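In this note's numbering, the protein residues as written are 990 to 1121.
Note that beta-carbon positions come from the ideal geometry of N, C-alpha and C, so glycine has one too.
Here the structure is a predicted model, which means the values were calculated and not measured.
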């Protein structure tokens, strides 16, 4: 989990991933005018432009995914399987399907952002209490 908004995640391109420094740059979001027409727009607020650190497992996964995409042509977006950015409803469908398979209640995609904030806050509090 990164705390990214869905529009920020779907706008990620491989240029935004820094494998060497293990981070990604959030500097745009994807706006769909209709089902086939999209454009990059600035994030909601200036503080949304940020660098997100990535753990080793995520870096390994992204490297593997990039290798797979490199074997195809025209794979600009990180979240794509056909060269175009993945649409919101596709991600919702995937989450719903996996929640059903796992036998758990499906949460909204934005709920992952809230989960990240809670975990981050909890870890920060734990770290600060150990530091005292």
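By the three-class DSSP mapping on this structure, what secondary structure does residue 1084 have? helix
If you compare alpha carbons, which of 1077, 993, 1094 is closest to residue 1037? 993
Mind reading off the beta-carbon distance from residue 1066 to residue 1002? Whole number of angstroms is fine, and I expect it under 8 Å. 6 Å
Would you call the stretch 1081–1095 in contact with the stretch 1038–1057, where contact means no fewer than 3 C-beta pairs closer than 8 Å? no
Report the option in 1004, 1096, 1023 whose CA atom is closest to the CA atom of residue 1017. 1004
On the CB-based measure, 16 or more other CB atoms within 10 Å of its CB, does residue 1043 come out buried or exposed? buried
Burial state of residue 1089, where buried means 16 or more other Cβ atoms lie within 10 Å: exposed
CB residue 995 to CB residue 1096, shorter than 8 Å? no
Selection from 1059, 1015, 998, 1024 that minimises the alpha carbon distance to residue 1040: 1015
Taking buried to mean at least 16 other C-beta atoms within 10 Å of its own C-beta, is residue 1013 buried or exposed? buried
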